[in-house]
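What the sequence shown shows, in our numbering, is residues 370 to 968, in sequence order.
Glycine included, every Cβ here is placed at the ideal spot set by N, Cα and C.
What follows is one structure encoded as structure tokens, with my remarks underneath.
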Amino acid sequence: MREYSRPVKVEISSQARMPDTVFARATNEPASVALRVQEAGQWRDVTCQEFRDDVAAIAKALIAAGIEHGDRVGLMSRTRYEWTSIDYAVWSVGAVTVPIYETSSAEQVEWILGDSGAKAVFVETEDHAERVKSVQTNLAELAHTWKIDDGGLADLIASGSEVEDDVLEQRRTAGDVDELATLIYTSGTTGRPKGCELTHRNLLFTIMNVIEGPLEEVFTLEGRSTLLFLPLAHSFARIIQIGCIESKTILGHFPTTGPELIDQLGVFKPTFLLAVPRVFEKVFNKAEQKATAEGKGKVFGAAAATAIDYSKALDSGRVPMGLKIKHALFGKLVYGKILARLGGQAQYAVSGGSALGDRLGHFFRGVGLTIIEGYGLTETSAPTAVNTPSKNKIGTVGPPFPGVTIKIDDDGEVLCKGDHVMRGYWNNEKATADAFGKEGFYRTGDLGALDDDGYLSITGRKKEIIVTAGGKNVAPAVIEDRIRGHAIVSQCLVIGDNRNFVSALVTIDPEAFEFWKQQNDRTGEVADLIDDPALVAAVQEAVDDANQAVSRAESVRRFKILPEDFSEEGGQMTASLKVKRHVVTKQYENEIEELYTSS
Numbered sequence: 370m371r372e373y374s375r376p377v378k379v380e381i382s383s384q385a386r387m388p389d390t391v392f393a394r395a396t397n398e399p400a401s402v403a404l405r406v407q408e409a410g411q412w413r414d415v416t417c418q419e420f421r422d423d424v425a426a427i428a429k430a431l432i433a434a435g436i437e438h439g440d441r442v443g444l445m446s447r448t449r450y451e452w453t454s455i456d457y458a459v460w461s462v463g464a465v466t467v468p469i470y471e472t473s474s475a476e477q478v479e480w481i482l483g484d485s486g487a488k489a490v491f492v493e494t495e496d497h498a499e500r501v502k503s504v505q506t507n508l509a510e511l512a513h514t515w516k517i518d519d520g521g522l523a524d525l526i527a528s529g530s531e532v533e534d535d536v537l538e539q540r541r542t543a544g545d546v547d548e549l550a551t552l553i554y555t556s557g558t559t560g561r562p563k564g565c566e567l568t569h570r571n572l573l574f575t576i577m578n579v580i581e582g583p584l585e586e587v588f589t590l591e592g593r594s595t596l597l598f599l600p601l602a603h604s605f606a607r608i609i610q611i612g613c614i615e616s617k618t619i620l621g622h623f624p625t626t627g628p629e630l631i632d633q634l635g636v637f638k639p640t641f642l643l644a645v646p647r648v649f650e651k652v653f654n655k656a657e658q659k660a661t662a663e664g665k666g667k668v669f670g671a672a673a674a675t676a677i678d679y680s681k682a683l684d685s686g687r688v689p690m691g692l693k694i695k696h697a698l699f700g701k702l703v704y705g706k707i708l709a710r711l712g713g714q715a716q717y718a719v720s721g722g723s724a725l726g727d728r729l730g731h732f733f734r735g736v737g738l739t740i741i742e743g744y745g746l747t748e749t750s751a752p753t754a755v756n757t758p759s760k761n762k763i764g765t766v767g768p769p770f771p772g773v774t775i776k777i778d779d780d781g782e783v784l785c786k787g788d789h790v791m792r793g794y795w796n797n798e799k800a801t802a803d804a805f806g807k808e809g810f811y812r813t814g815d816l817g818a819l820d821d822d823g824y825l826s827i828t829g830r831k832k833e834i835i836v837t838a839g840g841k842n843v844a845p846a847v848i849e850d851r852i853r854g855h856a857i858v859s860q861c862l863v864i865g866d867n868r869n870f871v872s873a874l875v876t877i878d879p880e881a882f883e884f885w886k887q888q889n890d891r892t893g894e895v896a897d898l899i900d901d902p903a904l905v906a907a908v909q910e911a912v913d914d915a916n917q918a919v920s921r922a923e924s925v926r927r928f929k930i931l932p933e934d935f936s937e938e939g940g941q942m943t944a945s946l947k948v949k950r951h952v953v954t955k956q957y958e959n960e961i962e963e964l965y966t967s968s
């Protein structure tokens, strides 16, 4: 058993509350820019005073509507300025924000609003309102549904105009740091989602010790800003939202990770990015595809190899002169163009949610964008461990941040303890008791290892370990992440429990597929080409590369290309883009049997 701790850097006052900084900044620096909001295709600055006024106006409307201290308020919307304003308004009246992914089904909406006992819910669109309305009869506690679009939020704000400032101030200062701030429902790869109870202390302790600890360089850059495009219903984006407000980092919102995002990054010019590995994979793949289409594929390949070698040389402490010269040359020909696509100002990116992989980590650092990997769960207010820009061990998720202890149990499970850990699961005492072990350590369910410097590496999920017929334990995440890193692959599910060998189900990335068809003179959909020798060979290349990372007993011997991608709508993915293993294996049981019975 190994254990590693770091002393706390920032202690949180018993009277601290999330909105304190919003109101203090409006008083102390009213004209400073706090956020930027997109209006008619342009980015407009929002000052500290304007942001406080927007938060206060919504908060007064909540008071007028009868929202009491401790009431739960749902929030179902894409990432946008109003999400943050509403979040801080709910906290300003002592209530509890309950995020809901805007892609959630009516059944999921019903469960989250019903289980939390929400008294009101904000929805973005008429479609969202209809989803709530369709289950309204089963939600006895729900008294209000407020729409953000079509003037709905403006009408709500008008209803609170008679509430006095001192009434709001009394409500805002009534609570303490250990009161519930938010219920974030886990994405639920199995069973019903559970509501994680996160307090003001959990969130403030986490972000203050991160921004004054491992990410201090990121949050103290001159002119610092970020464009948030991940769903704010996810704890990863949420904690960065709070970090921006606390650290005076200018925050912008964008509602999608679609193709138009790249154009907006070019206009907004953030100094750091927050993304999941799939975003970085797409940036790399698109750059490679563009170079290939222009007949510069070999140049890009050489530039990528040079970037990776340069990053690895930085770790060794010595960069050979020849490599420096090649790196400088490709800096002008290739790397500068990639960074320009991201706005040209970004020096850092923070990645989480799944493994980034050594190849992408070294490539982007070699290009000039240091991707800082971290690890955590909704139950831990997002982060538990995170690398630092100055000591970024690519392939690990860093050491625990200040105030956190990480322990590796005898069976390899990662345990953690600190004020970042939730107080429990809402209305679920059994699940709460099961989640905590001896000495109050939270059981993450992940498998990992600590090196001599306290840096954590994640090797898989405890519940997902595959035991082959030969008794070999296989952690599927390692090889799945590696296969997914190939441009042509979207998703991969490794199987082999009680089987003689390991196999995989693979789906094709829709964007990469279109490019592949052009390059290979093919037409049709994936379903028409799953047995095409060239497509099979492309996936085989990804599998062969991934097999290099594991032993022969763990390697994928066979795979099957599926006719369509996994999706949330199809039931195979959670809202936070995790594969529902039990759903996929049930839906494709015939295809799986074929892998083991065909000659």
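What number of angstroms, rounded off, separates the C-alpha of residue i from the C-alpha of residue j?
i, j, result
"residue 501", "residue 449", "20 Å"
"residue 458", "residue 626", "27 Å"
"residue 863", "residue 926", "11 Å"
"residue 712", "residue 516", "33 Å"
"residue 403", "residue 520", "24 Å"
"residue 620", "residue 417", "12 Å"
"residue 884", "residue 660", "12 Å"
"residue 733", "residue 677", "8 Å"
"residue 851", "residue 431", "48 Å"
"residue 670", "residue 934", "28 Å"
"residue 608", "residue 944", "18 Å"
"residue 947", "residue 753", "19 Å"
"residue 427", "residue 434", "11 Å"
"residue 743", "residue 663", "36 Å"
"residue 918", "residue 509", "53 Å"
"residue 598", "residue 496", "21 Å"
"residue 804", "residue 827", "19 Å"
Which term fits residue i, buried or exposed, when burial requires 16 or more other beta carbons within 10 angstroms of its beta carbon?
i, result
"residue 1039", "This structure does not reach residue 1039, given that the chain is present from 370 up to 968, and the question cannot be answered."
"residue 739", "buried"
"residue 951", "exposed"
"residue 453", "buried"
"residue 438", "exposed"
"residue 391", "buried"
"residue 506", "exposed"
"residue 959", "exposed"
"residue 636", "exposed"
"residue 892", "exposed"
"residue 763", "buried"
Under DSSP, the beta strand (DSSP E) around residue i begins and ends at which residues?
i, result
"residue 963", "Here residue 963 belongs to no beta strand (DSSP E); instead the alpha helix (DSSP H) covers 958-966."
"residue 707", "No beta strand (DSSP E) holds residue 707; the alpha helix (DSSP H) holding it covers 705-710."
"residue 445", "441-445"
"residue 408", "402-408"
"residue 569", "Note, residue 569: premise wrong, no beta strand (DSSP E); alpha helix (DSSP H) at 569-580."
"residue 748", "First-last for residue 748: undefined, no H or E at that position."
"residue 594", "594-597"
"residue 391", "That residue, residue 391, is in no beta strand (DSSP E); its alpha helix (DSSP H) goes 389-397."
"residue 718", "717-720"
"residue 468", "465-469"
"residue 438", "Residue 438 -> no beta strand (DSSP E), and no H or E assigned at all."
"residue 374", "371-374"
"residue 929", "925-930"
"residue 621", "619-622"
Return the chain-ordered list of same chain residues with a C-beta closer than 6 Å to the C-beta of residue i, the five sequence neighbours on each side being excluded.
i, result
"residue 583", "755, 757, 770"
"residue 372", "776"
"residue 379", "577, 578, 581"
"residue 751", "604, 605, 608, 745"
"residue 723", "646"
"residue 707", "656, 736"
Can you name the start and end residues of the alpha helix (DSSP H) that residue i belongs to?
i, result
"residue 727", "727-736"
"residue 478", "475-485"
"residue 459", "450-461"
"residue 604", "604-616"
"residue 431", "417-433"
Could you name the residues of the same chain whose beta carbon sits closer than 7 Å to that of residue i, not counting the 5 residues immediately before and after it, in chain order?
i, result
"residue 321", "Because the chain in this structure spans residues 370 to 968, residue 321 falls outside the shown range and cannot be described."
Here's a check: name, in chain order, each residue in its chain whose Cβ is nearer than 8 Å to the Cβ of residue i, leaving out the five neighbours to either side.
i, result
"residue 741", "583, 584, 587, 717, 718, 719, 720, 755, 756, 757, 758, 761, 767"
"residue 866", "835, 836, 837"
Got a sec: is the Cβ-Cβ distance from residue i to anything in chain C below 7 Å?
i, result
"residue 701", "The structure shown contains no chain C, having only a single protein chain."
Which ranges would you report for the alpha helix (DSSP H) in the segment 839-902 if only whole runs of at least 4 residues count?
-> 845-853, 879-889, 895-898
Can you list the alpha helix (DSSP H) stretches of 4 or more residues lying completely in the segment 490-560, in chain order?
-> Scanning the segment 490-560 from its first residue to its last, the whole alpha helix (DSSP H) runs of 4-plus residues come out as 495-504, 521-527, 534-541.
What residue ranges within the segment 629-711 form continuous alpha helix (DSSP H) runs of no fewer than 4 residues, ordered along the chain?
-> 629-637, 646-662, 666-685, 690-699, 705-710
Which runs of the alpha helix (DSSP H) spanning at least 4 residues fall entirely within the segment 782-845, listed in chain order?
-> 798-804
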